[in-house]
Structure formats: structure tokens, C-alpha cells
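Note sheet for the following structure.
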Amino acid sequence: MAVKKVDIFLLTLPNKNIDDALTKIISNNVRVEFLNPADLGGEWENVTKWKHEKSVDNSEKITLLDFVLSQYSPKVFLAGLQDLRVDAKRSDVDSAWQKKEELLEIAKKLSYFKGLEEDLKTSKSAKFQKKVEEDAIKINQQLNQINPSLQQAIEKEDKEAVIKLSEKMESLQSEKELLYSKTSDQLLEKLANIREEMKADNINPEVIGKKLYKEFAALYSAYESNKHLSKAKEYVFATDENSKVHFVFVAVAKSSRKKLERVLHNSDIMMESVQWDKDILTWETKGKLETFRNLAEGLGHLEEKEYDPTKMIAVFFMLFFAFCLADALYALVISSFTGYFLFTKKLNAGAKSFFSMFFFSGLATVLFGMFTGSWAGNLFNSFDFLSGINKGLGEFTLLNMGLDKADTSVGFLNSVLPADGPLSNPIVFMLLVSLGLGMLHVLIGNVLNVLNAVKAGKKDEVLESANWLLFILSSIGYLAVSVIAPDYSKVGLVVFGAMALGLFIFNNGKSMMAKIMGGLKKVYDLVSVAADAISYTRLVATGLTSAIIAIVVNMLAAGMIEGGGFGIIGGILTLLIGHTFNLVVAAFGAYINPLRLHYVEFMPKFFKGRGRKLEPQIGEPKYLILNG
12 MAVKKVDIFL LTLPNKNIDD ALTKIISNNV RVEFLNPADL GGEWENVTKW KHEKSVDNSE
72 KITLLDFVLS QYSPKVFLAG LQDLRVDAKR SDVDSAWQKK EELLEIAKKL SYFKGLEEDL
132 KTSKSAKFQK KVEEDAIKIN QQLNQINPSL QQAIEKEDKE AVIKLSEKME SLQSEKELLY
192 SKTSDQLLEK LANIREEMKA DNINPEVIGK KLYKEFAALY SAYESNKHLS KAKEYVFATD
252 ENSKVHFVFV AVAKSSRKKL ERVLHNSDIM MESVQWDKDI LTWETKGKLE TFRNLAEGLG
312 HLEEKEYDPT KMIAVFFMLF FAFCLADALY ALVISSFTGY FLFTKKLNAG AKSFFSMFFF
372 SGLATVLFGM FTGSWAGNLF NSFDFLSGIN KGLGEFTLLN MGLDKADTSV GFLNSVLPAD
432 GPLSNPIVFM LLVSLGLGML HVLIGNVLNV LNAVKAGKKD EVLESANWLL FILSSIGYLA
492 VSVIAPDYSK VGLVVFGAMA LGLFIFNNGK SMMAKIMGGL KKVYDLVSVA ADAISYTRLV
552 ATGLTSAIIA IVVNMLAAGM IEGGGFGIIG GILTLLIGHT FNLVVAAFGA YINPLRLHYV
612 EFMPKFFKGR GRKLEPQIGE PKYLILNG
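Residue 639, in our numbering, is where the sequence shown stops; the numbers in between run on with no holes.
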């Protein structure tokens with residue numbers, strides 16, 4: 012089962028070491044959510060909060076370390092996608108905490124150094140230099156205006172005026188000094204001084220070593236833990252003012268329960284399983300499907316009595332992606348690029364999920380493009396020297412879409428399609444296939460709605476949802492019978508009428524008029540179902556658009572290359588730029604369209620997304636991977 016209730020525990024904490032008890036959980040990175048007893052209402056709203064000392068505000072230190080670590084983070088290709096955290100042990104964090112004052116002093120100097128470097132870049136711009144000159148002129152003008160007034164005040168022995176004007180002049184002089192302190196010469200001098208100062212401490216402010224970077228990361232992690240501790244202490248409570256122990260409710264996923272028990276083993280913290288009035292859930296998906304679960308979570312979190320649609324989403328998303336991209340060579344580029352990062356680099360969680368989705372969807376598209384004979388459009392059929400490759404790949408073609416008139420190959424599906432009529436056109440055939448897939452997708456959404464009602468034990472919803480599903484099926488059946496076997500159309504009409512009558516009976520209307528209006532609305536909703544199914548035809552339209560652009564690019568490039576000379580270079584550049592642009596646009600459309608079909612046409616049919624998700628206050632450290 013993908014969705015599970017979390018375990019809720021009441022921890023009993025001795026008054027003498029509440030901080031130590033909570034730190035034990037936090038420092039071991041147990042992913043728990045500290046619960047507020049006031050959420051239970053009633054008598055819990057009046058529990059006595061622990062009157063702990065006000066937590067020290069370390070936000071400035073955290074900001075300082077965060078800035079320094081971000082400035083000196085490893086510079087690698089697409090660093091924003093990779094998990095650049097350094098491996099460390101708990102002892103490294105403890106050691107960094109012991110020397111925090113020294114490390115913070117170094118961090119301040121490095122921050123100052125980086126700030127000077129940024130100011131130096133700014134000072135070299137013509138715009139900045141012009142502003143300095145203009146501001147300096149204004150200050151000099153003000154000083155020139157004050158001088159006569161000051162002389163007059165001195166002559167009149169007006170002490171109050173003298174003091175006021177003198178202070179104004181000092182302020183303007185300071186402003187002028189500050190202005191010139193940001194000029195290139197002044198900044199270079201300051202940078203040289205700070206370099207010399209840090210050189211004496213064996214520190215290179217240009218590139219700090221791995222050891223110092225790790226110490227900064229460990230200290231940042233220690234401050235992170237303190238921040239988590241302060242947050243956790245907000246939920247600690249006592250039953251009365253003189254209580255010798257305090258309590259805290261924690262929620263933990265079943266997969267993390269053993270870790271919590273192991274951390275608290277042989278401690279003086281008592282742990283008791285309790286019932287919580289409000290269900291808290293985790294939605295866990297193992298293996299490669301996790302990336303598609305993340306798509307579903309975009310609309311909310313599953314309730315316990317809802318079926319997990321992850322597998323359905325995975326299958327249909329990859330299929331719809333293939334329809335939209337529709338090109339084997341483009342898909343190979345996408346899967347190769349994402350696969351390189353997935354299998355050779357340590358990606359962060361967000362990038363790993365995103366790249367996994369494109370990798371598997373790309374593999375599905377390779378098969379789709381192979382079967383429709385699309386390789387960067389008609390690339391291998393556009394140049395004579397690639398004819399051998401084109402002939403070999405043509406063996407895999409099942410359906411020639413007919414976009415390239417020079418390609419006379421006939422796929423298996425082309426041979427079985429009618430010789431005349433609308434279905435003789437492969438594009439019309441693919442539009443009908445996409446329409447059928449759309450109807451299947453919509454029907455599966457309604458089936459899941461029925462199953463959710465059954466699982467929840469809501470009989471009225473089961474009857475209403477099931478009757479609506481049968482009404483849709485009977486509508487499709489009646490249309491199919493009318494076309495294929497007109498003699499039996501009356502039977503189909505009877506079944507359709509019976510299902511339509513059920514719409515007026517099995518709905519949530521309380522009065523006769525309400526049931527009639529509810530039934531009429533459902534009948535009208537059939538138009539919406541048809542519109543939903545038709546919207547899936549844009550999958551083919553999107554794929555055809557990128558295929559046509561690819562063919563045009565190939566045609567232009569082939570014409571240039573045939574001309575020889577500089578035309579060869581122009582043709583190669585046209586191929587590279589044209590196909591890169593087309594690939595990016597096509598990939599974007601292949602992601603957006605399936606996503607829209609799931610969020611707008613499919614999931615609203617059954618997905619409520621009202622589950623209360625477990626939200627651990629203790630996340631993964633930002634700059635460290637703690638190993639023991």
C-alpha cells in the first residue's frame with residue numbers, strides 16, 4: 012500500500028535534560044514531525060507550555076556561513092543540479108562547534124573579501140565612475156556653501172551654529188571619503204591588505220581548501236540543528252506547573268520508526284504509542300516510479316482510502332510524451348543527456364526526479380519514433396551518403412506518416428489500412444488512435460473514482476459514480492453499434508436510455524426537482540467528456556508540428572550542402588541550430604501537454620488530494636551528508 016498512516020508517539024522527557032533529549036533526535040537526523048497538542052482541541056489547548064529560555068537568534072551567523080559556502084562551493088558543470096554536499100561525521104560537527112568563534116571570524120573576512128571583489132567589478136563600469144564624479148561634485152558644492160556660513164558663525168561667536176555647521180561638514184567629508192573608498196584604486200588596496208592578512212593565517216581567500224570548506228559546512232549544520240531544537244521546544248508541554256517531566260508528541264513514518272527506537276534505546280526518554288485524532292499520512296513509492304508520484308503530488312496528497320494512481324500516470328505520461336515528441340533521434344539525445352547525469356553524477360533530489368522522468372519518457376519515445384520512422388524528421392533520407400542508414404532504420408517502421416514524399420517505404424500498418432477513405436491517411440489514423448487513448452484515459456479516471464468510493468464505503472457515491480461510468484460506456488456502445496451494426500442500434504438505445512434514467516435516480520439530490528436538475532446536469536456533462544477526449548488529439552498535432560519543422564530544417568541544410576563551398580558550413584550550422592531549437596521547443600511541449608492532460612482531464616475525475624502529509628521539521632542538512 013503506497014499511502015500509510017504514520018506512527019504517533021508521546022515522548023516523556025526528564026526536566027533536567029530536555030535539550031539533550033531533543034538534540035539526540037535532531038542530531039541523528041531522525042525525520043520526525045513535532046506535533047502541537049493544541050491541534051487536538053479540548054483540554055489539550057490549556058496544557059502548560061515549557062517556559063524555556065528565549066533561544067539565541069543565530070540568523071546572522073547562518074546567513075554569513077550560507078553566503079561564504081555558496082561563494083566557495085565547488086564549481087562544476089550545471090552545479091545547480093548536482094548534490095554538492097560534503098561527507099562528514101558527527102564528530103566533525105562537534106569539532107567545528109568547538110572552534111566556532113575562530114571559524115566565524117574567518118568567515119567574516121572571507122565575506123568582506125567577496126564583497127570587495129563585487130564592489131571592484133562595479134567600480135570599473137563607466138556608469139559607476141560617472142556617478143562617483145557627479146556625487147563628488149554635489150558634495151563639494153555643499154561644502155563650498157557651508158564654508159562662508161561657518162566663517163560668519165565663528166566671527167559672531169554663535170557657538171550653536173558653529174557646532175551644527177561643523178557637524179554637517181564632518182558628515183559630508185565622511186560621505187566623500189566613503190565615496191572614494193569604492194573607487195578601483197582604493198578597493199584594490201583593500202583587497203591586497205586582506206590577502207596579506209589572511210595569508211598570515213595560511214588562508215587563500217581566492218580558493219579556500221576542502222578542509223576549511225568542510226568545517227564551515229559542519230558549523231552551518233550545527234546552527235541548523237540549533238534552529239531545529241528551538242522549533243521543537245515550541246511543542247514541548249507539561250500537564251501542570253510543578254511537573255517533573257515534560258512531554259512532546261512526534262509523528263514518524265513507519266519506515267523511520269526503527270531509527271527513532273534505536274536512537275532512544277538505553278536513554279531516559281520514555282516512548283509510548285498513542286492515537287492522534289487527525290490522520291497524518293506518507294505517500295511512499297519505491298523505485299523509479301517516484302518521479303511520477305511527484306507529478307501527482309502537484310495536486311495534493313492522497314488520503315488513506317484513495318487508490319494510488321502513480322502507475323497509471325507513469326504509463327500514460329510516457330506514452331503521451333512519445334506522441335508529442337515523436338522523434339527517435341531527439342529522444343536519444345534527451346535520454347543520453349539525462350542518463351549521463353543520472354548514472355555518472357550525484358544529483359540533488361529535485362534534479363534527479365526531473366531527469367528520471369525525461370530519461371524514461373525519452374526511452375519510450377525512441378520506440379515510438381522508430382516505429383513511425385522519424386529520426387530528426389527525415390534526416391537520413393535527406394542526404395544520399397546516409398541512404399544506407401535510412402534503409403536499415405526503415406526496417407523498423409510500422410507506420411509511415413507520409414510527411415516526406417521522397418520516402419516511399421510502407422510500414423506494416425500502412426499495408427493493413429484501407430486503400431481509400433479517411434483511414435487511408437496515416438495522420439487521420441493517428442488522430443483516431445489519440446482520440447481512443449483520450450477516451451480510455453478519461454474512463455480509467457472514472458473507474459478510479461468508483462473504486463475510491465467503494466474503498467471509502469460510501470454507497471451513495473458508489474451508485475452515482477458507477478451509474479455515470481456505465482452511462483458513458485453505453486453512449487460509446489450506442490455510437491459504435493449504430494456505425495458497425497445498425498440492426499442492433501435499438502438494443503443499444505435501450506441500454507443507453509436505462510443508464511440515462513439512472514442519472515436521475517442515483518444522484519445526491521434530496522428532492523424530486525433536485526434529482527431532475529442533477530440528472531440533466533449529468534446528461535450535459537457528456538459533452539464535457541467528449542470535449543475532454545477530443546483534447547487528446549493535440550498530442551498528434553504537437554508531434555506533427557515538430558516533425559514538419561525538422562523536415563524543413565533538413566531541406567534547407569541539404570540545399571546548402573549541395574551547393575558546396577561555404578554552403579557546406581552553412582548547411583551544417585543550419586542542421587545544428589535548427590534541430591537544437593526544434594528539440595528544445597518539442598521537449599518543452601512534450602512535457603507541458605501530458606502534464607496538462609493529467610492535471611485537467613484525468614486526475615480531477617477521481618483525485619481529492621486532501622490527505623494530511625507528514626512534514627518533518629528535520630530535513631537533510633544543506634551542506635553536509637552525515638555518515639554516523
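Each residue gets a CB set at the ideal place from its N, CA and C atoms; glycine is no exception.
Discussion item. On a Cα-Cα basis, can you pick out the residue from GLU128, ARG96, PRO216 that is closest to PHE198?
Written reply: As a first step, residue 198 must be located in the sequence shown, where it is residue number 187. Before going on, a small fix: residue 198 reads as Leu here, not Phe. Of GLU128, ARG96, PRO216, the residue nearest in Cα terms is GLU128.
Discussion item. By alpha-carbon positions, which one of LYS222, ASP415, ALA544, HIS276 ends up nearest to GLY447?
Written reply: In the sequence shown, the residue the question calls residue 447 occupies position 436. Measuring from the Cα of GLY447, the nearest candidate turns out to be ALA544.
Worksheet entry | Between the CA atoms of ASP18 and SER486 - distance to the nearest angstrom | By one-based count along the sequence shown, residue 486 stands at place 475. By one-based count along the sequence shown, residue 18 stands at place 7. Going from the Cα of SER486 to the Cα of ASP18 covers about 47 Å.
Fill in: Within 9 Å, strictly: CB atoms of LYS469 and LEU292
To locate residue 469, count along the sequence shown from 1; it is residue 458. To locate residue 292, count along the sequence shown from 1; it is residue 281. Going by beta carbons, LYS469 and LEU292 fall outside the 9 Å limit.
Discussion item. Please list the terminal residues of the continuous alpha helix (DSSP H) segment that includes ASP77.
Written reply: In the sequence shown, counting from the first residue as 1, residue 77 sits at position 66. Counting along the chain, the alpha helix (DSSP H) containing ASP77 begins and ends at 70 to 82.
Practice prompt. Mind checking which residues open and close the alpha helix (DSSP H) that includes PHE303?
Written response: As a first step, residue 303 must be located in the sequence shown, where it is residue number 292. Per DSSP, PHE303 belongs to the alpha helix (DSSP H) from 301 to 307.
Worksheet item: Hey, how far is the Cα of SER264 from the Cα of ALA337?
Response: Here residue 264 refers to the residue found at position 253 when the sequence shown is read from its first residue. Here residue 337 refers to the residue found at position 326 when the sequence shown is read from its first residue. Here residue 264 turns out to be Ala, not Ser, going by the sequence shown. The alpha-carbon of ALA264 is positioned some 41 Å away from that of ALA337.
Item to complete: State the start and end residues of the unbroken alpha helix (DSSP H) segment that holds LYS222.
Response: What you label residue 222 is simply residue 211 of the sequence shown in a count that begins at 1. Run containing LYS222: 221 to 244, per the alpha helix (DSSP H) assignment.
Worksheet item: So what's SER364 in DSSP terms, helix, strand or just coil?
Response: Taking the first residue of the sequence shown as 1, we reach residue 364 at position 353. Residue state, collapsed to three classes: helix.
Fill in: Rounded separation between ALA601 and TYR341 - CA only
Within the sequence shown, the letter at position 590 stands for residue 601. Within the sequence shown, the letter at position 330 stands for residue 341. About 12 Å.
Practice prompt. Compute the distance between the beta-carbons of VAL41 and ILE636, then report whether it is under 9 Å.
Written response: Along the sequence shown, read from residue 1 onward, the residue named residue 41 stands at position 30. Along the sequence shown, read from residue 1 onward, the residue named residue 636 stands at position 625. No, they are not a contact pair.
Worksheet item: Do you know how far the Cα of ILE29 is from the Cα of ASN47?
Response: Here residue 47 refers to the residue found at position 36 of the sequence shown. Here residue 29 refers to the residue found at position 18 of the sequence shown. Taking the straight line joining both Cα atoms gives about 17 Å.
Worksheet item: Do you know offhand how far PHE423's Cα is from TRP294's?
Response: As a first step, residue 423 is located in the sequence shown; it is residue number 412 there, counting from the start. As a first step, residue 294 is located in the sequence shown; it is residue number 283 there, counting from the start. One C-alpha to the other measures close to 43 Å.
Worksheet item: Going by other Cβ atoms of all chains shown within 10 Å of its Cβ, with 16 needed for buried, is PHE440 buried or exposed?
Response: To locate residue 440, count along the sequence shown from 1; it is residue 429. With 16 or more other Cβ atoms within 10 Å, it is buried.
Worksheet item: Between which two residues does the beta strand (DSSP E) carrying LYS15 extend?
Response: For the purposes of this step, residue 15 is identified with residue 4 of the sequence shown, where counting begins at 1. Start and end: 14 to 16.
Worksheet item: In terms of alpha-carbon separation, which member of ASN463, LYS357, PHE370 lies closest to GLY350?
Response: On the sequence shown, residue 350 is found 339 positions in, with the first residue counted as 1. With distances taken between Cα atoms, GLY350 lies closest to PHE370.
Worksheet item: Hey, out of VAL326, THR585, VAL540, whose CA is closest to LYS616's CA?
Response: Within the sequence shown, residue 616 is the residue found at index 605, counting from 1. Answer by Cα proximity: VAL540.
Worksheet item: How big is the Cα-Cα spacing for TRP55 and THR250?
Response: The residue you call residue 55 lines up with position 44 of the sequence shown. The residue you call residue 250 lines up with position 239 of the sequence shown. When rounded, the distance between both Cα atoms is 9 Å.
Worksheet item: Straight-line CA distance for MET566 to LEU75?
Response: Within the sequence shown, residue 566 is the residue found at index 555, counting from 1. Within the sequence shown, residue 75 is the residue found at index 64, counting from 1. Looking at the two C-alpha atoms, the distance is approximately 57 Å.
Worksheet item: If we ignore side chains and look at the alpha-carbon of each, how far apart do ASP94 and LEU358 end up?
Response: For the purposes of this step, residue 94 is taken as residue 83 along the sequence shown, with counting starting at 1. For the purposes of this step, residue 358 is taken as residue 347 along the sequence shown, with counting starting at 1. Take the alpha-carbon of ASP94 and the one of LEU358: they are about 5 Å apart.
Worksheet item: Among LEU313, ALA107, VAL87, SER236, which has the Cα closest to the Cα of SER70?
Response: For the purposes of this step, residue 70 is taken as the residue at position 59 of the sequence shown. Of the candidates LEU313, ALA107, VAL87, SER236, the one whose C-alpha sits nearest the C-alpha of SER70 is SER236.
Item to complete: Confirm, please, whether the CB-CB distance from PHE407 to PHE382 is below 9 Å.
Response: Working through the sequence shown from its first residue, we reach residue 382 at position 371. Working through the sequence shown from its first residue, we reach residue 407 at position 396. Against a cut-off of 9 Å, the Cβ pair of PHE407 and PHE382 comes out as a contact.
Fill in: Between the CA atoms of GLY449 and VAL505 - distance to the nearest angstrom
Stepping through the sequence shown from its first residue, residue 505 is reached at position 494. Stepping through the sequence shown from its first residue, residue 449 is reached at position 438. Between VAL505 and GLY449, the C-alpha separation is close to 26 Å.
Worksheet item: Are the beta-carbon atoms of PHE334 and LEU606 separated by less than 9 Å?
Response: Residue numbering aside, residue 334 sits at position 323 when the sequence shown is read from its first letter. Residue numbering aside, residue 606 sits at position 595 when the sequence shown is read from its first letter. Their beta carbons are not under 9 Å apart, which means PHE334 does not touch LEU606 by this criterion.
Fill in: Residue span of the alpha helix (DSSP H) that contains MET571, given as start and end
One-based indexing of the sequence shown puts residue 571 at position 560. Residues 549 to 573.
Discussion item. Could you check whether ALA558 and SER7 sit closer than 9 Å to each other, using their CB atoms as the reference points?
Written reply: Residue numbering for the chain in the displayed model covers 12 to 639; residue 7 lies beyond these limits and cannot be assessed.
Item to complete: Kindly list the residues whose CB is nearer than 6 Å to the CB of ILE579, restricted to its own chain and excluding five residues on each side of it in sequence; keep chain order.
Response: By 1-based counting over the sequence shown, the position of residue 579 is 568. The answer, listed in chain order, is ILE572.
Practice prompt. Run the CB neighbour count on HIS452, radius 10 Å, all protein chains shown included, and call it buried at 16 or more, exposed below.
Written response: To locate residue 452, count along the sequence shown from 1; it is residue 441. Buried, since its Cβ has 16 or more Cβ neighbours within 10 Å.
Worksheet item: Where does GLU626 sit, in a helix, a strand or coil, going by DSSP?
Response: Counted from its first residue, the sequence shown places residue 626 at position 615. Of the three classes helix, strand and coil, the one that applies to GLU626 here is coil, per DSSP.
Worksheet item: Any idea what DSSP makes of MET329, helix, strand or coil?
Response: As a first step, residue 329 must be located in the sequence shown, where it is residue number 318. In this structure, MET329 counts as helix in the three-state DSSP scheme.
Worksheet item: Got a sec? Which residues, its chain only, sit under 8 Å from GLN628 by beta carbon, not counting five neighbours each side?
Response: Along the sequence shown, one-based indexing puts residue 628 at 617. Cβ neighbours of GLN628 beyond the five flanking positions: VAL43, GLU44, PHE45, HIS239, LYS242, ALA243.
Worksheet entry | Exposure label - LYS416; buried when at least 16 CB within 10 Å | Taking the sequence shown and counting its residues from 1, the one referred to as residue 416 is at position 405. It is exposed - the Cβ of LYS416 has fewer than 16 other Cβ atoms within 10 Å.
Worksheet entry | Beta-bridge pairing of VAL259 - partner residues as DSSP gives them | Counting from one through the sequence shown, the residue named residue 259 turns up at place 248. Bridge partners of VAL259: LEU22.
Worksheet item: With DSSP run on the structure shown, which of helix, strand or coil describes PHE348?
Response: Along the sequence shown, one-based indexing puts residue 348 at 337. Three-state DSSP puts PHE348 in a helix.
Discussion item. Let's test the definition: count the other Cβ atoms within 10 Å of the Cβ of PHE227 and tell me whether it reaches 16, buried, or not, exposed.
Written reply: Start at 1 with the first residue of the sequence shown, and residue 227 comes out as number 216. Buried is the call here.
Worksheet item: Taking Cβ positions, are MET329 and SER372 nearer each other than 9 Å?
Response: To locate residue 329, count along the sequence shown from 1; it is residue 318. To locate residue 372, count along the sequence shown from 1; it is residue 361. Yes. Within cutoff.
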